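Protein chains in written order, with our numbering: chain A, 1 to 459; chain B, 1001 to 1459.
A virtual CB, placed ideally from N, CA and C, is assigned to each residue, including glycine.
For clarity, every value in this text was computed on a predicted model and none was experimentally measured.
Written as structure tokens, this is what we have:
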């Protein structure tokens, strides 16, 4: 090949050498210039295209450096053997899109929060301070989360939840699912996990995705049944004692102690205490965490700031018993933390400055009022004497049971009035399933709840 | 039991019922009051302690609700059987602390960035706008990351790296390790992974932690050797073609095409292209990504904002071929995203507002100058003719080889002068190992490099 037919424009935005480089690379890729073909000499091409030799030289050296062409001493430039190596393009199938959600008129889902109560001003102020004042935060931090945040968190957990731990036992991560995934892989693959039935499907799917066997344990009115836990032969029990998800059962201290006894009987048994919603106990002082009454290092305590702050702020944490903390350090100590240090430090200042305590009081009040309003609304309904309410002592949702005929009508109403209400039966992993409705009240005003309940429970 | 000896103080800060509740709960937990013992009647205790019956009633109802005591109709309150259920406390062993790092005088590590070039002002401004203007960002977002960020990122990747993908194929996550962990679990457990030797130990440990077999493939001067890849029988190859870690080899296009041919020959074979440091190519136009020249959906493209922005901002991403994107959606579609939506949206505005492009130009210039300075410094050393420099065409570190006697001296100097220099040999997973030094220059000024090199290479 002696030359190219190519139109180069000086005003095209990209420099001439780049236009030339692109043209030749494209020709080589498409097979327009073949393997081992000789390119025109720099001088010849420069003269042909009325450009400087320097321009050609730059383009050629880019092509050499990127492997498109090679130089032979005292001979010139030749095309590398690449076009025949590149596999033929195949049609790419577009991904299937998730179904769009219908527009709900009222939404009783359980994973909402009251967006308006988020401390925007304080959070933005602290975040800004952190970004401006702390260039060292740009460097990689501790795999388990920043030490200062772990310190603050261990004090907070001690004060609010009776959790006994040092900062060394804490691991901060981007969500309960992430932490549970890491935790699962600290245990031998042949160990099996007991979970509550009905229960938290996301946790179950993380455990299953980690390749571990899952045993479903039915509940009685105090929570997970210890007799069936013993029978199951499981090694690790995942429980939600502060507000069982989704039934709302608050596990009494006696049951907590029974489960601890189970854990202490055989080395290697553990309880994973997912203490979600523990901040929202409306019946008096919250019951101390299982971790707090444990003395034998059998409990892994987990919780998240999703409900306290916002689901989109991805900060969760777990407290590991010392021997698991050591295992974690050995196995994952070189992993990078999954939480941005800016957000870690914003949260740290939020806790240390006393903002978290005040924020908690404020939202707890808001949610208590919403719960009280929902209870009054339900009790004032014409059908109220046929409804059974439970799980309302804590958390941000409650359970409503209705007799079969009425339940069917409620389901129809929900559909026709576009009211989102989740069904308890959907949270069972195995038969038998109890039919009931789950009403989450965190994001609904009293007026909206009144309207929604009127429509939902109309006969 | 007829009454308690307890001193209640009105000025103690906590209300009387709470003091009473705490006292009785403590007594029950410690065994001071035994199982099935009867508590004093409300009236008797109120009169004994000179407090109102309401106060006693509140304390008792808290104790009942929390399972400490129970009521018998027309009889009174009794202690539940809990104290004997709680296992005895065992001594908790303190965790072993990680060794403190020595204070380095000069630090040539490879995972540093130039902290001073971080766009503090813009980032803080955008972050603040996002927090203030977008309350909807508090709600849970898409498992794969916000659609708007995935859109912006797919455009950015197309423009800067020739990556061909739709937003549907992108997954945003808190770091390469997290994404690699998720990716591994999309493949059958019996598939094996080929990795570069020497190579990136963190990736290898994520793959091994996921229970997958790892095969170590030696390099030649173009990168991973295809002949040995074929021989290994591996199904998935993890490579770092833009700047092989740690040797710094830039994989020529011919080798990229050869690896693509390997991947296309048998269904189920994939290439994981970790394109870290691709932004910092100092030799001309960067070579298009392997994903960009692939036409058959055999490449998973991954990268991170750790080096471009800061290691502490945990935003990485991967581009999945359509069938893996679909698999991801089915398996992990209900997981929560691991990246805070505030930071996702800050980054989205940073890209869309053109800040990222400008920032990249700026830091690329800074790093190019540092690289040039380090090269001049090394070339001006008295021992320069005995040093062999490589891997300096891209990335933020280069490789220096010295003959045995000199190499030993350099190692001694590093120790005595407290200069951190990593050794190439440490990045090999198997023999034979090549001895050389890795000099990362991202966080050192020209003056510091000059001083450090003078000390390090002194004979």
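Check: Using the beta-carbon of each residue, which ones in chain A are nearer than 8 Å to residue 1026 of chain B?
Finding: Residue 1026 of chain B sits at position 26 when you count from the first residue of the second chain. Near residue 1026 of chain B there are no residues of chain A at all, since even the closest Cβ is about 11 Å away, more than 8 Å.
Check: Can you list, in chain order, the stretches of the alpha helix (DSSP H) that have 4 or more residues and sit fully within the region 1038-1066 of chain B?
Finding: 1042-1049, 1053-1065
Margin query: On the CB-based measure, 16 or more other CB atoms within 10 Å of its CB, does residue 1052 of chain B come out buried or exposed?
Written below: The residue given as residue 1052 of chain B occupies position 52 in the second chain. Residue 1052 of chain B should be labelled exposed.
Next item on the list: Mind listing, in chain order, the continuous beta strand (DSSP E) runs of no fewer than 3 residues lying wholly within the region 193-266 of chain A?
Entry: 213-220, 236-239
Note to self: Quick check: residue 1186 of chain B and residue 1235 of chain B, are their CB atoms within less than 8 Å of each other?
What the structure shows: Residue mapping note: residue 1186 of chain B aligns to position 186 of the second chain, counting from 1. Residue mapping note: residue 1235 of chain B aligns to position 235 of the second chain, counting from 1. Not a contact, by the Cβ cut-off of 8 Å.
Notebook entry, point to check: Going by alpha carbons, who is nearest to residue 1379 of chain B out of B/1358, B/1454, B/1307, B/1364?
Noted result: Numbered from 1 along the second chain, position 379 holds the residue referred to as residue 1379 of chain B. Closest option to residue 1379 of chain B, Cα to Cα, is B/1454.
Checklist line | DSSP three-state assignment for residue 1107 of chain B, whether helix, strand or coil | finding: The count along the second chain starts at 1 and reaches residue 1107 of chain B at position 107. Strand, per DSSP.
Next item on the list: Can you tell me which of the three DSSP states residue 346 of chain A falls into?
Entry: On the first chain, residue 346 of chain A is found 346 positions in, with the first residue counted as 1. Here residue 346 of chain A sits in helix by DSSP.
Check: Quick one: what's got a C-beta closer than 7 Å to residue 43 of chain A's C-beta in the same chain, skipping five residues either side?
Finding: Within the first chain, numbered from 1, the residue matching residue 43 of chain A stands at position 43. Correct list, in chain order: 53.
Note to self: Taking only three categories from DSSP, how would you classify residue 25 of chain A?
What the structure shows: Locating residue 25 of chain A in the first chain gives position 25, counting from the first residue. Three-state DSSP puts residue 25 of chain A in a helix.
Notebook entry, point to check: Based on the DSSP secondary-structure assignment, which residues constitute the bridge partners of residue 1397 of chain B?
Noted result: Working through the second chain from its first residue, we reach residue 1397 of chain B at position 397. DSSP, once it has assigned bridges, lists B/1440 as partnering residue 1397 of chain B.
Margin query: Below 8 Å, how does it come out for the region 1063-1082 of chain B and the region 1391-1409 of chain B: are there three or more Cβ pairs, yes or no?
Written below: no
Next item on the list: Please decide whether residue 1307 of chain B counts as near chain A, where near means a Cβ-Cβ distance under 8 Å.
Entry: The residue labelled residue 1307 of chain B in the question sits at position 307 within the second chain. No, residue 1307 of chain B does not count as interfacial toward chain A.
Note to self: Just to make sure I have the definition right: I need the residues of chain A whose C-beta is within less than 8 Å of the C-beta of residue 1331 of chain B. Which are they?
What the structure shows: Taking the second chain and counting its residues from 1, one reaches residue 1331 of chain B at position 331. Within chain A, the residues near residue 1331 of chain B are 209.
Notebook entry, point to check: So is residue 1221 of chain B buried or exposed if we call it buried at 16+ other beta carbons inside 10 Å?
Noted result: Within the second chain, residue 1221 of chain B is the residue found at index 221, counting from 1. By the 10 Å Cβ count, residue 1221 of chain B comes out exposed.
Checklist line | Sheet register partners of residue 338 of chain A (DSSP bridge) | finding: Locating residue 338 of chain A in the first chain gives position 338, where the first residue counts as 1. Its beta-bridge partners do not exist; DSSP assigns none.
Checklist line | Exposed unless 16 or more other CB atoms sit within 10 angstroms - verdict on residue 1345 of chain B | finding: Numbered from its first residue, the second chain carries residue 1345 of chain B at position 345. The residue in question, residue 1345 of chain B, is buried, as its Cβ has 16 or more Cβ neighbours within 10 Å.
Next item on the list: Examine the Cβ distances between the region 32-46 of chain A and the region 55-62 of chain A and report whether three or more of them are shorter than 8 Å.
Entry: yes
Notebook entry, point to check: Which value, in whole angstroms, describes the spacing of the CA atoms of residue 1132 of chain B and residue 304 of chain A?
Noted result: To locate residue 1132 of chain B, count along the second chain from 1; it is residue 132. To locate residue 304 of chain A, count along the first chain from 1; it is residue 304. If I take the Cα positions, the gap works out to 23 Å.
Item checked: Option in A/71, A/242, A/247, A/127 with minimal Cα separation from residue 439 of chain A -> Start at 1 with the first residue of the first chain, and residue 439 of chain A comes out as number 439. Out of A/71, A/242, A/247, A/127, A/247 has the C-alpha closest to the C-alpha of residue 439 of chain A.
Notebook entry, point to check: Under a CB-based cut-off of 8 Å, is residue 113 of chain A close to chain B?
Noted result: As a working mapping, residue 113 of chain A is identified with position 113 in the first chain. By this cut-off, residue 113 of chain A is an interface position.
Check: Between the Cα of residue 462 of chain A and the Cα atoms of A/69, A/112, A/118, which residue gives the shortest distance?
Finding: In the structure displayed, chain A extends from 1 to 459; residue 462 of chain A sits before or after that span and is not available.
Margin query: On the criterion of 16 or more Cβ atoms from any shown chain inside 10 Å, does residue 199 of chain A qualify as buried, or is it exposed?
Written below: Residue numbering aside, residue 199 of chain A sits at position 199 when the first chain is read from its first letter. By the neighbour-count rule (16 or more Cβ atoms within 10 Å), residue 199 of chain A is buried.
Next item on the list: Could you confirm whether any beta carbon from chain A is found closer than 8 Å to the beta carbon of residue 1062 of chain B?
Entry: Here residue 1062 of chain B refers to the residue found at position 62 when the second chain is read from its first residue. True, the Cβ-Cβ gap to chain A drops below 8 Å.
Next item on the list: Measure the beta-carbon distance from residue 1206 of chain B to residue 1181 of chain B and round it to whole angstroms, keeping in mind my assumption that it falls under 8 Å.
Entry: Translated into positions along the second chain, residue 1206 of chain B becomes position 206. Translated into positions along the second chain, residue 1181 of chain B becomes position 181. Sure, about 5 Å apart at Cβ, within 8 Å.
Margin query: Please confirm whether residue 1140 of chain B has its beta-carbon closer than 8 Å to some beta-carbon of chain A.
Written below: Counting from one through the second chain, the residue named residue 1140 of chain B turns up at place 140. Yes, because at least one Cβ of chain A sits closer than 8 Å to the Cβ of residue 1140 of chain B.
Margin query: Suppose you measure from the CA of residue 394 of chain A to the CA of residue 282 of chain A; what does that come to, to the nearest Å?
Written below: By one-based count along the first chain, residue 394 of chain A stands at place 394. By one-based count along the first chain, residue 282 of chain A stands at place 282. So the alpha carbons of these two residues sit roughly 5 Å apart.
Notebook entry, point to check: Can you list, in chain order, the residues of the region 1120-1152 of chain B whose Cβ is nearer than 8 Å to any Cβ on chain A?
Noted result: 1120, 1123, 1124, 1127, 1128, 1131, 1132, 1135, 1136, 1137, 1138, 1139, 1140, 1141
Notebook entry, point to check: Between which two residues does the alpha helix (DSSP H) harbouring residue 1182 of chain B extend?
Noted result: On the second chain, position 182 is the one that residue 1182 of chain B refers to. Run containing residue 1182 of chain B: 1176-1184, per the alpha helix (DSSP H) assignment.
Notebook entry, point to check: Can you list, in chain order, the residues of the region 1191-1204 of chain B whose Cβ is nearer than 9 Å to any Cβ on chain A?
Noted result: 1201, 1202
Notebook entry, point to check: Which partner residues does residue 416 of chain A have in the DSSP bridge list?
Noted result: In the first chain, counting from the first residue as 1, residue 416 of chain A sits at position 416. Looking at the DSSP assignment, residue 416 of chain A forms no beta bridge with any residue, so it has no partner.
Item checked: Proximal residues to residue 55 of chain A (C-beta, below 6 Å), its chain only, five neighbours per side dropped -> Along the first chain, read from residue 1 onward, the residue named residue 55 of chain A stands at position 55. Only 16, 17 meet the Cβ criterion.
Checklist line | Where residue 319 of chain A falls: helix, strand or coil (DSSP) | finding: Residue 319 of chain A sits at position 319 when you count from the first residue of the first chain. Residue state, collapsed to three classes: strand.
Notebook entry, point to check: Residues of chain B with CB under 8 Å from residue 343 of chain A, in chain order?
Noted result: Your numbering for residue 343 of chain A matches position 343 in the first chain. Near residue 343 of chain A (Cβ distances below 8 Å), the residues of chain B are 1340, 1342, 1343.
Next item on the list: Could you tell me whether any Cβ in chain B is nearer than 8 Å to the Cβ of residue 241 of chain A?
Entry: Within the first chain, numbered from 1, the residue matching residue 241 of chain A stands at position 241. Chain B, which has no Cβ nearer than 8 Å to the Cβ of residue 241 of chain A, makes this no.
Next item on the list: Can you tell me which of A/336, A/167, A/357, A/49 puts its alpha carbon nearest to the alpha carbon of residue 1312 of chain B?
Entry: Translated into positions along the second chain, residue 1312 of chain B becomes position 312. Minimum Cα distance to residue 1312 of chain B is reached at A/336.
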